[in-house]
Amino acid sequence: MASTAAKDKDFGRGKVSSHIISIAVPSFAAQLVQLLYSVVDRIYLGHYEESTQMSLTGLGLCFPLISFVLAMTALCAGGAAPLSSIERGRKDLVRGEQIIGNAFLLILASSLAVMLLYYLLLDPLLTLCGAGPASLPYARQYMLYYTAGTFFAMAGTGLLFCVNAQGFAREGMCFVLTACIVNIVLDPILIFYCDLGIKGAAIASVIAQLVMFLQVLHFLTRGRAILKLRRERCRFDKELCKAIMSLGVAGFVMQGTNALVLITCNSTLRRFGGDAMIGIMTIVSSIRDLISLPLISLTRSAQPVISFNLGAGKLGRIMEAVKFMSVLGLGYMLLSWAAVVIFPRPLLALFNLPSDLMDEGIHAVHLYFFGFCFMALHSAGQSTFVGLNLPRPAIFFSLFRKAFIVVPLTLLLPWCWDLGSDGVFIAEPISNVLSGVICFSCMWWTLRRLMREKTESPLVQ
1 MASTAAKDKD
11 FGRGKVSSHI
21 ISIAVPSFAA
31 QLVQLLYSVV
41 DRIYLGHYEE
51 STQMSLTGLG
61 LCFPLISFVL
71 AMTALCAGGA
81 APLSSIERGR
91 KDLVRGEQII
101 GNAFLLILAS
111 SLAVMLLYYL
121 LLDPLLTLCG
131 AGPASLPYAR
141 QYMLYYTAGT
151 FFAMAGTGLL
161 FCVNAQGFAR
171 EGMCFVLTAC
181 IVNIVLDPIL
191 IFYCDLGIKG
201 AAIASVIAQL
211 VMFLQVLHFL
221 TRGRAILKLR
231 RERCRFDKEL
241 CKAIMSLGVA
251 GFVMQGTNAL
261 VLITCNSTLR
271 RFGGDAMIGI
281 MTIVSSIRDL
291 ISLPLISLTR
301 SAQPVISFNL
311 GAGKLGRIME
321 AVKFMSVLGL
331 GYMLLSWAAV
341 VIFPRPLLAL
351 FNLPSDLMDE
361 GIHAVHLYFF
371 GFCFMALHSA
381 GQSTFVGLNL
391 PRPAIFFSLF
401 RKAFIVVPLT
411 LLLPWCWDLG
421 SDGVFIAEPI
431 SNVLSGVICF
441 SCMWWTLRRL
451 MREKTESPLV
461 Q
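Printed below as a string of structure tokens:
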């Protein structure tokens with residue numbers, strides 16, 4: 001059965017676009033469902049009568065800390081997926097399983113460290129994220145319960161990378177779907193029926209994350225996985241851990257800088273617009289996450305195809321993969337950009353934004369999403385660098401977009417030309433345009449150079 005699965009998941013044969021789509025469609029469904037963990041929380045809390053706006057603000061203040069958990073997951077497991085794909089392309093399955101085993105050990109150690117950090121320093125960290133006297137109790141309630149499930153969140157998501165990288169995206173989708181159904185069912189019960197409010201949302205998320213972790217663990221140990229998680233492969237290997245984390249740094253920086261941006265935005269908005277503007281930013285960022293999800297799914301799904309063919313020496317198929325995801329991604333983002341600009345009100349109404357804030361919310365959407373389509377270029381470039389096992393440019397462009405453009409502009413623009421809170425929302429489109437054009441241009445130049453250097457190599461097919 002394993003042999004049959006390996007043949008079915010051979011990315012070196014068949015149409016490149018078909019392989020990418022076969023991963024992207026279930027991967028998108030899985031990530032959409034996973035995103036619904038937090039979005040459903042926001043929608044339900046938006047209809048919770050007791051301190052509705054403050055609950056949303058408190059949840060928004062938790063996002064930087066949640067982003068850091070995702071960043072640690074990317075650091076410990078994000079590199080394992082492409083590296084194990086490269087080894088599978090080379091037909092070295094033992095080495096591939098050793099990579100997955102070491103990724104699991106890294107997740108275990110780092111999740112315990114994050115839990116300890118959060119429980120010891122939770123209030124100072126939330127204050128750093130922009131929490132004030134009114135919103136701090138709500139943010140604290142959510143994070144106290146959410147932190148208990150840190151290992152389940154990291155292990156479930158991290159090991160899911162390795163499932164999808166082997167071509168089992170449909171199975172991965174089912175794992176996430178099951179967990180999300182648990183979350184959606186438990187949310188109203190705990191939030192409304194048990195009257196737990198924001199605490200109920202956190203408890204529901206932790207239980208759902210546990211469900212997903214158990215499913216992924218079963219599949220990698222006893223399921224149809226080509227590369228399995230075996231006890232004998234879970235032995236610490238310094239060089240493997242270094243390689244995993246070296247490539248995972250790009251994802252860590254991307255998620256870590258997301259946390260930095262959220263902290264900067266919350267602090268600046270609190271100064272120039274108060275808690276209400278933080279709530280609007282929470283909703284706007286939720287809309288962005290939902291709309292950009294198909295793009296992220298597409299570009300991430302191209303990574304294992306690129307990595308496999310790099311290991312197999314088939315550079316022509318790598319070029320096919322890059323062209324396909326770039327054109328499709330840009331087309332999708334152009335349509336999405338137009339839809340958001342034309343129909344912002346229904347999107348904002350989904351989160352029960354108060355009517356007195358609706359005009360401000362629509363204005364924020366128009367500013368924030370201007371030039372949104374350029375995000376496709378950055379995502380395609382970033383994914384190609386990771387797939388080609390080029391951590392340095394991947395790390396640089398993760399930093400470039402957020403740390404070098406968004407954060408400085410978020411701090412500077414509100415003081416310029418009396419922009420105030422508008423400056424926070426304007427920083428995003430500027431970063432999308434600059435980082436998208438520069439990242440994609442550098443990726444394309446790197447890929448063309450690689451093609452020229454390897455054209456005469458006997459390994460290239």
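Going left to right, the sequence shown walks through residues 1 to 461 as UniProt numbering numbers them.
Built from N, CA and C at the ideal position, the CB exists for glycine as well.
Taking the alpha carbon of residue i as the reference point, which residue from the options has its own alpha carbon closest?
| i | options | result |
| --- | --- | --- |
| residue 509 | Val437, Ala113, Leu298 and Ala201 | The structure shown does not extend to residue 509, since the chain spans only 1 to 461, so no value can be given for it. |
| Phe400 | Leu388, Val437 and Ile86 | Val437 |
| Ala81 | Val216, Ala113 and Leu159 | Leu159 |
| Ser292 | Glu428, Met333 and Ser135 | Met333 |
| Pro137 | Pro188, Gly58, Phe370 and Arg392 | Gly58 |
| Arg271 | Cys129, Leu70 and Ile430 | Cys129 |
| Ser286 | Cys373, Val114, Leu347 and Cys416 | Leu347 |
| Lys402 | Cys416, Arg140, Val433 and Trp415 | Val433 |
| Ala364 | Val406, Met281 and Ile20 | Met281 |
| Gly172 | Ala24, Ile107 and Ser111 | Ala24 |
| Arg233 | Trp415, Arg95 and Ala349 | Arg95 |
| Pro64 | Phe28, Leu106 and Val261 | Val261 |
| Val211 | Leu186, Met358 and Leu190 | Leu186 |
| Thr147 | Leu357, Gly361 and Val69 | Val69 |
| Leu350 | Ser135, Phe372, Arg452 and Val284 | Val284 |
| residue 467 | Ile426, Pro133 and Thr73 | It is not possible to answer for residue 467, since the shown part of the chain is limited to 1 through 461. |
| Ser336 | Met451, Ala202, Leu357 and Phe372 | Phe372 |
| Ile66 | Tyr142, Pro124, Leu93 and Ser135 | Tyr142 |
| Asp123 | Val176, Pro414 and Arg140 | Arg140 |
| Tyr145 | Gly167, Leu126, Leu125 and Tyr119 | Tyr119 |
| Leu125 | Lys238, Leu190, Gly167 and Asn266 | Asn266 |
| Ile20 | Gly167, Thr446, Ala113 and Arg448 | Gly167 |
| Met277 | Gly361, Ala259 and Ile263 | Gly361 |
| Val407 | Gly251, Trp417, Val424 and Phe28 | Val424 |
| Phe28 | Ala71, Pro133 and Phe175 | Phe175 |
| Trp444 | Val322, Asn258 and Val341 | Val322 |
| Ala450 | Leu413, Leu419 and Thr384 | Correcting the residue identity first, residue 450 is Leu in this sequence and not Ala. Measuring from the Cα of Leu450, the nearest candidate turns out to be Thr384. |
| Ile342 | Val182, Trp415 and Phe370 | Phe370 |
| Gly156 | Leu214, Val340 and Asn258 | Leu214 |
Within 10 Å of its beta-carbon, does residue i have 16 or more other beta-carbons around it, so buried, or fewer, so exposed?
| i | result |
| --- | --- |
| Phe219 | buried |
| Leu116 | exposed |
| His366 | exposed |
| Asp8 | Only weak support is given to the placement of Asp8: the predicted model assigns it a pLDDT of 49, under 50, and the question is left unresolved by the model. |
| Gly331 | exposed |
| Leu409 | buried |
| Leu121 | exposed |
| Pro344 | buried |
| Leu61 | buried |
| Thr221 | exposed |
| Ser18 | exposed |
| Glu428 | buried |
| Cys180 | buried |
| Glu320 | buried |
| Ala131 | buried |
| Cys162 | buried |
| Ala204 | buried |
Considering only residues of the same chain and omitting the five flanking positions on each side of residue i, which have a CB-CB separation below 7 Å?
| i | result |
| --- | --- |
| Cys194 | Gly200 |
| Gly329 | Leu295, Leu298, Thr299, Ala376, Ser379 and Ala380 |
| Cys241 | Asn102 and Leu106 |
For residue i, collect the residues of the same chain with a Cβ closer than 6 Å to its Cβ; drop the 5 residues on either side in sequence, then sort them by chain order.
| i | result |
| --- | --- |
| Pro304 | Ser85 and Ala165 |
| Val253 | Ile395, Ser398 and Leu399 |
| Gly149 | Val206 and Gln209 |
| Phe374 | Asn432, Val433 and Gly436 |
| Arg317 | Val16 and Asn309 |
| Met325 | Leu298, Thr299, Ala302 and Ala380 |
Residues in the same chain with beta-carbon distance under 8 Å from residue i, minus the five sequence neighbours each way, listed in chain order, please.
| i | result |
| --- | --- |
| Leu247 | Gly78, Gly79, Pro82, Leu83, Val386, Asn389, Pro391 and Ala394 |
| Cys76 | Ala103, Leu106, Ile107, Ser110, Met154, Gly158, Ile244, Met245 and Gly248 |
| Ile405 | Ala427, Ile430, Ser431, Leu434 and Ser435 |
| task | Give a yes or no on contact between the segment 220 to 238 and the segment 89 to 100, applying the rule of three or more CB pairs nearer than 8 Å. | result | Touching, yes.
| field | Within the segment 397 to 431, ranges of the alpha helix (DSSP H) (whole runs, at least 4 residues) | value | As for any alpha helix (DSSP H) of minimum length 4 sitting wholly inside the segment 397 to 431, the runs are 407 to 412, ordered along the chain.
| field | Touch test, the segment 305 to 320 against the segment 85 to 95, Cβ-Cβ under 8 Å, three pairs minimum | value | Taking a cut-off of 8 Å on C-beta distances, the segment 305 to 320 touches the segment 85 to 95, as three or more cross pairs fall below it.
| message | To test your reading of the DSSP string, which unbroken alpha helix (DSSP H) runs of 4 or more residues are found completely within the segment 70 to 130? | response | Listed in chain order, the complete alpha helix (DSSP H) runs (minimum 4 residues) inside the segment 70 to 130 are 80 to 89 and 93 to 128.
| Taking only runs of the alpha helix (DSSP H) that begin and end inside the segment 279 to 350, which ones reach a length of at least 4 residues, in chain order? | If one requires a minimum length of 4 residues, the alpha helix (DSSP H) runs lying completely within the segment 279 to 350 are 315 to 342 and 344 to 350, in chain order.
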